[in-house]
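Counting with the working numbering, you get residues 189 to 443 for the letters of the sequence shown.
Note that beta-carbon positions come from the ideal geometry of N, C-alpha and C, so glycine has one too.
Below you'll find the structure, written out as structure tokens, and then a few comments.
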Amino acid sequence: MRNLCTGTLAALSLSLCGISSAHAYIPPSSYQLSQLVKKHRGLKSLRVKTRITGTKTQIREIGYFNFGTKTWKARFLDASDKEIYAFERKLGANDSLASLLLFDANTTGLMNALKNAGIPVVSDSELAALPGPVERQAAEKGTIGRLDKKVGWITGNSTQALWVLKDEFVPLKLLNGGMEIRFEETKSVSAFPYPRSISLQRGSEFILKGEAMEVMANVDLSDMNAIQVHGLPAIPSSLSSEERALIEQWVQWIR
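And the structure:
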């Protein structure tokens, strides 16, 4: 992993990357998450058009999020703009961690999901129950690392971890279930942050990259409502194996 100082390295290794773990302030994980989800409030709807590229093929997703019903609905198009799949998912119902990091506005729900995935975030109530500042500091498993030219606060270890972009409070990287998800080039639309690039890899193996071609806030949802789908239908067997794999991986790990 290029230009990367992992959170499991000692302070000397971090200093070689230009970061001092001994003196750098790392906010409590509960505060990081509260600031992250705060950025997800205030919109009524969002539309994202994404170009998804795998190793052998490319598809597009046109997705809508209704903040009132907490529902994501999307359709996928092939290279000839033919619809090949559509699905609907309510936030909180078998979500990927990535979708919660992108859309969830509830700190407790996000924290519980991260804990269930083995990422050691600590709630305010858990910190308050500890006898003193020494114990509270020891309870937090936070370090600092560098990903390319970005500095992140890391909660976790080399296999299960959340990286939050320092001072920006947006997701930078997620390590979960043997996968690495990177959230890059995050920009805000109507104060809502969304990464322009989301990539998925397993170890050094590239799986896919999603590039947001258009992100629009508070759009009319008539097009969303026109998508005739409920839940997660089976992916059509008539699609190529490459198209099926792209849809499956994107929906499983990102949506």
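What do you reckon, are the CB atoms on LEU265 and ARG248 nearer than 8 Å? Yes, these two residues count as a Cβ contact at 8 Å.
Which residues share a DSSP beta bridge with LYS278? Beta bridge pairing from DSSP links LYS278 with THR259.
Quick one: what does DSSP say ASN345 is sitting in, helix, strand or coil? Three-state result, ASN345: coil.
Compare the C-alpha of GLY398 against each of THR243, ILE423, GLN220 and name the closest. If we check each option's Cα against that of GLY398, THR243 comes out closest.
Based on the DSSP output, what are the partners of LEU129 in its beta bridges? Absent from the model: residue 129. The displayed extent of the chain is 189 to 443, so no value can be given.
Of the residues LEU350, PRO319, ALA414, which one's Cα is nearest the Cα of LYS329? The option with the nearest alpha carbon to LYS329 is LEU350.
CA-to-CA distance, ARG229 to LEU427, given in whole angstroms: For LEU427 and ARG229, the distance between alpha carbons rounds to 37 Å.
Test item: CB-CB of LEU231 and PHE371 under 8 Å: Against a cut-off of 8 Å, the Cβ pair of PHE371 and LEU231 comes out as no contact.
What does a CB cutoff of less than 7 Å around ASN406 pick up in its chain, not counting 5 residues either side in sequence? The beta carbon of ASN406 sits closer than 7 Å to the beta carbons of LEU231, LYS232, SER233, SER378 from its chain, once the five residues preceding and following it are set aside; these are given in chain order.
Where LYS237 and ASP283 are concerned, what is the direct C-alpha to C-alpha distance, given to the nearest angstrom? In this model, LYS237 and ASP283 are separated by some 20 Å (Cα to Cα).
Quick check: what's the CA-CA separation for PRO215 versus LYS258? Each residue's alpha carbon lies about 28 Å from the other.
Is it buried or exposed for ALA316, if we count other Cβ within 10 angstroms and need 16 for buried? Looking at its Cβ environment, which holds fewer than 16 other Cβ atoms inside 10 Å, ALA316 is exposed.
Is TYR213 helix, strand or coil by DSSP? DSSP, read as helix, strand or coil, puts TYR213 in coil.
For the alpha helix (DSSP H) containing PRO321, name the first residue and the last one. Following the DSSP letters along the chain, one finds PRO321 inside the alpha helix (DSSP H) bounded by residues 321-327.
Buried or exposed: MET299, going by 16 or more other Cβ atoms within 10 Å of its Cβ? So MET299 counts as buried.
Grouping DSSP H, G and I as helix and E and B as strand, with all else coil, what is ASN300? Assigned with DSSP and collapsed to three states, ASN300 falls in helix.
Proximal residues to THR194 (C-beta, below 7 Å), its chain only, five neighbours per side dropped: Residue placement at THR194 is poorly supported in this model, since its pLDDT is 39, which falls under 50; the coordinates are not used for a value here.
Do TYR273 and ILE442 have their C-beta atoms within less than 8 Å of each other? Not a contact, by the Cβ cut-off of 8 Å.
Just the C-alpha distance for LEU420 and ASN413, rounded to the nearest angstrom, thanks. If you take the alpha carbons of LEU420 and ASN413, they lie about 16 Å apart.
So, is SER218 buried or exposed, given that buried needs 16 or more other C-beta atoms within 10 angstroms? Around the beta carbon of SER218, 16 or more other beta carbons lie within 10 angstroms, which makes this residue buried.
Just grab the DSSP bridge partners of MET412 for me. As far as DSSP is concerned, MET412 takes part in no beta bridge.
So, at 6 Å on beta carbons, what are the nonlocal neighbours of ILE250 in its own chain, with the 5 sequence-adjacent residues on each side left out? Excluding positions up to five away in sequence, the list reads LYS237, ARG263.
State the DSSP-derived secondary structure class of THR295, mapped to helix, strand or coil. THR295 falls in the helix class under three-state DSSP.
Considering only the beta carbon of each residue, do GLN437 and ILE369 sit closer than 8 Å? Contact: no.
So for TRP438, helix, strand or coil by DSSP? In the structure shown, TRP438 falls within a helical segment according to DSSP collapsed to helix, strand and coil.
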